[in-house]
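Some notes on the structure that comes next.
Protein chains: 2
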Amino acid sequence: MNQIVKTQILHTDAPFRLESGDVLEHLDIAYETYGELNERRDNAILIEHALSGDAHAAFYHERDRKPGWWDSMIGPGKGFDTERFFIICTNVLGGCSGTTGPASIDPATGKPYALSFPPITIRDMAETQRVLLAQLGIERLKCIAGGSMGGMQTMQLFCDYPLQADSFICIASTMKHSAQQIAFNEVGRRAVMADPRWNGGNYYGEVSPEAGLSVARMIGHITYLSEKMMQEKFGRAKKDKDAKVIFRPSFEVEHYLDYQGISFVRRFDANSYLYITNAIDNFDLMGSLRSKDRARGEGRQRGTPLDALKSKRGLVVSFTSDWLYPPSQAKEIVRLFTGLNVRVSYAEIETDHGHDAFLTDFEYQTAIIQSFLDAPS
Amino acid sequence: MNQIVKTQILHTDAPFRLESGDVLEHLDIAYETYGELNERRDNAILIEHALSGDAHAAFYHERDRKPGWWDSMIGPGKGFDTERFFIICTNVLGGCSGTTGPASIDPATGKPYALSFPPITIRDMAETQRVLLAQLGIERLKCIAGGSMGGMQTMQLFCDYPLQADSFICIASTMKHSAQQIAFNEVGRRAVMADPRWNGGNYYGEVSPEAGLSVARMIGHITYLSEKMMQEKFGRAKKDKDAKVIFRPSFEVEHYLDYQGISFVRRFDANSYLYITNAIDNFDLMGSLRSKDRARGEGRQRGTPLDALKSKRGLVVSFTSDWLYPPSQAKEIVRLFTGLNVRVSYAEIETDHGHDAFLTDFEYQTAIIQSFLDAPS
Numbered sequence: 011m012n013q014i015v016k017t018q019i020l021h022t023d024a025p026f027r028l029e030s031g032d033v034l035e036h037l038d039i040a041y042e043t044y045g046e047l048n049e050r051r052d053n054a055i056l057i058e059h060a061l062s063g064d065a066h067a068a069f070y071h072e073r074d075r076k077p078g079w080w081d082s083m084i085g086p087g088k089g090f091d092t093e094r095f096f097i098i099c100t101n102v103l104g105g106c107s108g109t110t111g112p113a114s115i116d117p118a119t120g121k122p123y124a125l126s127f128p129p130i131t132i133r134d135m136a137e138t139q140r141v142l143l144a145q146l147g148i149e150r151l152k153c154i155a156g157g158s159m160g161g162m163q164t165m166q167l168f169c170d171y172p173l174q175a176d177s178f179i180c181i182a183s184t185m186k187h188s189a190q191q192i193a194f195n196e197v198g199r200r201a202v203m204a205d206p207r208w209n210g211g212n213y214y215g216e217v218s219p220e221a222g223l224s225v226a227r228m229i230g231h232i233t234y235l236s237e238k239m240m241q242e243k244f245g246r247a248k249k250d251k252d253a254k255v256i257f258r259p260s261f262e263v264e265h266y267l268d269y270q271g272i273s274f275v276r277r278f279d280a281n282s283y284l285y286i287t288n289a290i291d292n293f294d295l296m297g298s299l300r301s302k303d304r305a306r307g308e309g310r311q312r313g314t315p316l317d318a319l320k321s322k323r324g325l326v327v328s329f330t331s332d333w334l335y336p337p338s339q340a341k342e343i344v345r346l347f348t349g350l351n352v353r354v355s356y357a358e359i360e361t362d363h364g365h366d367a368f369l370t371d372f373e374y375q376t377a378i379i380q381s382f383l384d385a386p387s
Numbered sequence: 011m012n013q014i015v016k017t018q019i020l021h022t023d024a025p026f027r028l029e030s031g032d033v034l035e036h037l038d039i040a041y042e043t044y045g046e047l048n049e050r051r052d053n054a055i056l057i058e059h060a061l062s063g064d065a066h067a068a069f070y071h072e073r074d075r076k077p078g079w080w081d082s083m084i085g086p087g088k089g090f091d092t093e094r095f096f097i098i099c100t101n102v103l104g105g106c107s108g109t110t111g112p113a114s115i116d117p118a119t120g121k122p123y124a125l126s127f128p129p130i131t132i133r134d135m136a137e138t139q140r141v142l143l144a145q146l147g148i149e150r151l152k153c154i155a156g157g158s159m160g161g162m163q164t165m166q167l168f169c170d171y172p173l174q175a176d177s178f179i180c181i182a183s184t185m186k187h188s189a190q191q192i193a194f195n196e197v198g199r200r201a202v203m204a205d206p207r208w209n210g211g212n213y214y215g216e217v218s219p220e221a222g223l224s225v226a227r228m229i230g231h232i233t234y235l236s237e238k239m240m241q242e243k244f245g246r247a248k249k250d251k252d253a254k255v256i257f258r259p260s261f262e263v264e265h266y267l268d269y270q271g272i273s274f275v276r277r278f279d280a281n282s283y284l285y286i287t288n289a290i291d292n293f294d295l296m297g298s299l300r301s302k303d304r305a306r307g308e309g310r311q312r313g314t315p316l317d318a319l320k321s322k323r324g325l326v327v328s329f330t331s332d333w334l335y336p337p338s339q340a341k342e343i344v345r346l347f348t349g350l351n352v353r354v355s356y357a358e359i360e361t362d363h364g365h366d367a368f369l370t371d372f373e374y375q376t377a378i379i380q381s382f383l384d385a386p387s
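Line by line, the protein sequences are chains W and G.
Be aware that the first sequence starts at 11, since it is given in the numbering used here, and climbs by one per residue.
Be aware that the second sequence starts at 11, since it is given in the numbering used here, and climbs by one per residue.
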């Protein structure tokens, strides 16, 4: 029997201040939970999703044939064991799956924000999650965990609020983008904006810039797979050997990318893609820890000295063939947190599955995460 | 005093049969020459250009401020010494700088070919060069040389006509594209075709699909630079720190890609981009040597047994940080030609300049090429 879950929406009317200084008058936060919060309210784990993820991390929606994006990691007896832990996952700010983003209605105009949506940061995403945690009455998390962009939110929240979580798990991620990583995202954004249907972001109610967004997604997928895996999976095989139609996909790898592009545009908003990749490119964990905003304090935990992280625990995971966020960047994360006196474990998993391994290589991840969560804190 | 050169056009009215079986009734071949052909007509070297190159490999055009694309390698006392050798460079078939391509007028309709231009191959490019050589009265080349796609033409011509050249120099190239290499090109093509101005290839006389072609070129440039070089050159530096305009280039690497995209669309035809990248993806040197066309012979040298390559000479050059055509692929070339009993030298040049090194790292290339050309054959 598949376990059924429903995405819930927390609606708040308290003004939400962003790092930019802009204020959102209302905020919707889409989230799902799996397992039960115990009486001491100390068994909660917050899961952070990657660029194209959503709040639906596990279990099934009614009538769905496929479960949430990390269902193999979250459930009874799984890496994040729902018989022991209360798992929470929210859709990120700026997203398009229930949480407020550029496609949401701007209360000031009654129309979708589009590009009048303010720029957002990884820190802003983490702050929205605190709104939800407060609402759920959870003061302290057992763990914050996420892969790729989820790892960025994980680290930001863990460092900004040293009293809020016992530990973090950061998988296949980085503290900041290199020039090449920015470049790949920029080309994706440019592909979206080059599509006339993007129309300066004003396409809601019209046909969306599917062609441009699809190209952006195809670029992404090249970076998600390792060269070796791509070669073994597709090589130079052709699907339509005799196809004389020029410039239609003929190589199997072309068909694969084509499919990925098409299925993505059906579920993702082009402006969300721009806002979220922009947040990723501007993410700089160390820079953010030094920033004035942190020093300002304002009575918030964000002003708590990093000393409070001392002897907390962290797990950093990387994959040998991940060339989007390679092990060398994971090791920089390990060095940073070791320097902050966090007790960091590091696992480099041997795999040919590239960056996507955080979504596919469950066996090792399960063993490593279970033993990390089981260890005495 | 800058040496001045003019691009010349060879016009032929003899039908030109392509590998596909299609026939071009006329053929224009744009070419330049540098240095003098000696009396024995045995000092000619054919230079092959890369994807975005043209016949203008060296010297200056009247009133130009910048010389040809390989001017640092071609000239008096340079790697390809014009005081000793007669250097020839042609624009490739399918190109847009004088040689017949999709932007040329189709004699059957009086309009540009656009997509009615037949699909072309690397072998077709090499065949057009033989038409020119015949016209120039050159039966045997001292050497054929080229980088990137130029290396592909070099190897194809060298193997198809074992009696036509004494040696080859193949720089930063591959015998065939991997799935990942095809994928990068496919995303570039898709970016062009996603631009409504592409209009199924029919944009001549209208505004061309500049936005799409620019995105394609940006993707290319990411693969031309090494990650390290990009990081050292741009890092996370921002040009417009206070710019509040969202999704305009702000990181310096974004400005760089932007500039590359814009300057490319001014000089390159989008359909040529499609045809040429398609030829590159379908290039498979070993497959072509096994192909029926070769066995058929038709009295042409292409039917000459590969045995005739025995004890000819080859030089293969790669660059350590070239991740588009990495040293591992160069070594495959070395293995192939060694197996054909060609005397192959291999140089792996240590550099951070990535694939672009074949256009920028002159010092080592000059020394290696000079000593290769000086060696007794």
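C-beta: ideal position from N, C-alpha, C; glycine also.
Distance between residue j and residue i (C-alpha atoms, nearest Å)
| i | j | result |
| --- | --- | --- |
| M203/W | N209/W | 8 Å |
| R207/W | V217/W | 7 Å |
| P315/W | E264/W | 51 Å |
| G63/W | W79/W | 7 Å |
| R276/W | Y283/W | 13 Å |
| G147/G | V354/G | 28 Å |
| N288/G | T131/G | 8 Å |
| Q339/W | F368/W | 15 Å |
| G215/G | K121/G | 10 Å |
| E342/W | Y269/W | 35 Å |
| D38/W | A67/W | 18 Å |
| Y374/W | D317/G | 52 Å |
| F90/G | I379/G | 8 Å |
| G45/W | Y266/W | 36 Å |
| R73/G | N12/G | 10 Å |
| E93/G | L350/G | 32 Å |
| Y213/W | S126/W | 13 Å |
| S381/G | F244/G | 36 Å |
| S30/W | P128/W | 8 Å |
Chain G contact for residue i (CB, 9 Å cutoff)
| i | result |
| --- | --- |
| G222/W | yes |
| R27/W | no |
| L346/W | no |
| L167/W | no |
| V278/W | What sits at residue 278/W in the sequence shown is Phe, not Val. No, F278/W does not count as interfacial toward chain G. |
| K243/W | yes |
| P206/W | yes |
Contact check, residue i vs residue j, beta carbons under 9 Å
| i | j | result |
| --- | --- | --- |
| C99/G | H59/G | yes |
| R199/W | F274/W | no |
| P172/W | K322/W | yes |
| F347/W | P337/W | no |
| W333/W | E237/W | yes |
| M240/G | A193/W | yes |
| C180/G | L319/G | no |
Chain W contact for residue i (CB, 9 Å cutoff)
| i | result |
| --- | --- |
| P129/G | yes |
| I286/G | no |
| P114/G | Residue identity differs from the one stated: residue 114/G is Ser in this sequence, not Pro. No, no contact with chain W. |
| K2/G | This structure does not reach residue 2/G, given that chain G is present from 11 up to 387, and the question cannot be answered. |
| A193/G | yes |
| P386/G | no |
| L334/G | no |
| P337/G | no |
| R73/G | no |
| G160/G | no |
beta-carbon residue i near the ligand NAP non-hydrogen atom, thresh 8 Å
| i | result |
| --- | --- |
| R75/G | Of ligands this structure carries none, so the ligand NAP is not represented either. |
| Counting pairs of Cβ atoms below 8 Å between the stretch 16 to 27 of chain G and the stretch 111 to 127 of chain G, do you hit three or more? | no
| said: Counting beta carbon pairs with one atom in the stretch 213 to 231 of chain G and one in the stretch 182 to 189 of chain G, are three or more of them shorter than 8 Å? | reply: no
| Unbroken stretches of the alpha helix (DSSP H), 4 residues or longer, contained in the stretch 276 to 355 of chain G | 280 to 292, 295 to 300, 302 to 306, 337 to 349
| Can you find at least 3 beta carbon pairs, one from the stretch 72 to 91 of chain W and one from the stretch 50 to 57 of chain W, that sit closer than 8 Å? | yes
| field | 4 or more residues per run - each alpha helix (DSSP H) lying fully within the stretch 64 to 119 of chain G | value | none
| query | What residue ranges within the stretch 153 to 197 of chain G form continuous alpha helix (DSSP H) runs of no fewer than 4 residues, ordered along the chain? | reply | 159 to 170
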